[in-house]
Structures are given as structure tokens and as C-alpha cells.
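Visitor: Got a structure for you, written out below as C-alpha cells; questions coming shortly.
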Amino acid sequence: MKSPLKHTKKTAKSLGTVDRLIPSTAIVHSFLFYDGVYEAFLAKKNRFIVGHTTKYVVSEFWQCLKLDARRMGEFIKFAHPIADEPMREILQKQWYSYKDPYVRSGMFFLLNHYSENGIVSSGHTDPDSFNAIHLSNLYNFSFDKFHVVHDDNDDFLEGARKIQKEEYLLFNAGSYSLNIFEEGKSAGEDETRVMHADLKDFFASTTNPCILVYEKHNELFKIYKDYNMIMIDKWGRKVDDREKCQEIVIANF
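Take 38 as the starting number for the sequence shown in the working numbering and just add one per residue.
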């Protein structure tokens, strides 16, 4: 089962490593949920997946897809291609203002594929990035063992604190930063800001089996030196050489 959305992180080389860390048939709660790439992969491997997002528009896309993928697809075929670049830039700022949820969700889907970084509200856009295969993936997506929850809370960690102790937690945290210059900066309607120090504090205190996935950053080797850290190269292989590392998977077990 392949996610219909483009991956919003630079790579997804750690899929196999995360798969090997989590027992088959486990219940996995994935926070910072957006594109569903890791979640769809794990659901296909027989895990019961619950994707958690604090962003209503993200959960709305997945709910509309579940209820009526064809209706969303009809709008997508009508709207594509959006050839005018200034119009695409306007839509990145205003797409969520449409009244019809299937129009909003269809625009979410198109802009995700148009955007170079997969983020609907940001990134350089190119309509040639979208093709018929993406629409086919939309129609064929299965929600078997795959569920999406809107956590109506600005802090995604609040939802994580409510999960039963034996259930797994997954955070696909993307790029690490110190968050020094982010105070007061606005984020898109679909974007969740990650305060990495808060995530580290939660990781250190939770009794749930917990996995973090990050793009390589040297600071992570210091912060998480006391935990199970697996370095992944560009081919998805475990490596011991930091120079070859592209992604880092960190587990508290």
C-alpha cells in the first residue's frame, strides 16, 4: 500500500529499520502525521496505525479520501494543471479558504505534488510534478489498519501523553533545529512546528516504546547519545560511519 501523497521529508530511507523495530500486529500511534508514507508502509506490514495530527486540514484530506476518493479525484482532474505560477503562489496561501471540503482536499493533494518539499503551503511549485500515477494511488489507497485522528490541541505531545503504555509511539520529526529564530514566525495552515527540546524531554520521560526519525544532524548525536541510535545511509542500510549517514532512527528500547 503506497501513500497517495508525496513525502514531505527529504528522504524515507529508514522505513525498513522502523519496520524491524516494531513487532508485527503492534498498535502504532504516529504523531506529526502528514503525508502517510511511513504509516501506509507499516499498515501494509500488518501494524494497526493511528496517525495523529493537530491540523484539521490534514485530517480532513484523509477523511475525504476515505469517504469519497472519486469525488476528490473529479475536482483534481478539473483543476490540473494550474499553469500560472503567481496563481499557485496565491493558492499556497489561500487554498484552505474554499468552502467545499473536497475542493480543499483536492487542492491539498495537488499542491502537495506540485511543491518541491511536499508541504502544501510552501516550496517552489511545478505542475509537471503531478501525473496520472498519483491519481491512481489516490483511488487505490486502502484504509485497512490505517486510521487518522485529529487531536484538537496545539501541542502534539498532549495527544502522545494519553496513549496506553504498551502501544508504540512514532515521531517522524524531519530536520532538527534549535528553534532559536522561530519565535513569532507564522506557519502554514497545514504545518506543525516541532519544538525539539520538548520532544526530547517527552522521549526521555515516556514509558511507551518510542521511536524518532530524523534527518542527520550532528547535534542529535550529543542529545541522544544514551539511547539506541541507528544511522541509515542513502541506500537504507545501517552504517557506523557518520559521514555516510543520512537519517537517524532513535529508540528508547
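All C-beta atoms in this analysis are idealised placements derived from N, C-alpha and C, irrespective of residue type, glycine included.
Looking only at C-alpha atoms, which of E228, D227, T229 and I248 sits nearest to K237?
Guide: K237 has its Cα closest to that of I248, out of E228, D227, T229 and I248.
Visitor: Within the segment 211-259, note down every full alpha helix (DSSP H) run reaching 4 residues or more, in order along the chain.
Guide: The segment 211-259 contains these whole alpha helix (DSSP H) runs: 233-242.
Visitor: On the premise that H187 lies in contact with S306, defined as a C-beta separation below 8 Å, what is that separation, rounded to the nearest angstrom?
Guide: The structure shown does not extend to residue 306, since the chain spans only 38 to 290, so no value can be given for it.
Visitor: Does the structure place the segment 187-203 close enough to the segment 50-70 that three or more beta carbon pairs sit under 8 Å?
Guide: With the cut-off at 8 Å, the segment 50-70 and the segment 187-203 touch.
Visitor: Roughly how far, in whole angstroms, is the beta-carbon of L148 from the beta-carbon of Q129, given that I think they are within contact range, below 8 Å?
Guide: Right, their Cβ atoms sit about 6 Å apart.
Visitor: F183 by DSSP, collapsed to three states: which one?
Guide: Strand at F183.
Visitor: In chain order, which continuous runs of the alpha helix (DSSP H) of length 4 or greater are located wholly inside the segment 103-152?
Guide: The qualifying runs are 122-131 and 138-151.
Visitor: Tell me whether H161 is buried or exposed, calling it buried when 16 or more other Cβ atoms sit within 10 Å of its Cβ.
Guide: Looking at its Cβ environment, which holds fewer than 16 other Cβ atoms inside 10 Å, H161 is exposed.
Visitor: If you run the structure through DSSP and keep just helix, strand and coil, what is K281?
Guide: K281: helix per DSSP, three-state reduction.
Visitor: Measuring alpha carbon to alpha carbon, tell me which residue in R279, N265 and D121 is nearest T20.
Guide: The chain is shown only over 38 to 290; residue 20 falls outside these bounds and no answer can be derived.
Visitor: Which value, in whole angstroms, describes the spacing of the CA atoms of L257 and R108?
Guide: About 44 Å.
Visitor: Can you give the Cα-Cα distance for A49 and E153, rounded to whole angstroms?
Guide: Cα to Cα, A49 sits roughly 15 Å from E153.
Visitor: If you follow the alpha helix (DSSP H) that H89 is in, where does it begin and where does it stop?
Guide: Note, H89: premise wrong, no alpha helix (DSSP H); beta strand (DSSP E) at F85 to T90.
Visitor: Could you tell me the alpha carbon to alpha carbon distance between T45 and W272, rounded to whole angstroms?
Guide: Cα to Cα, T45 sits roughly 18 Å from W272.
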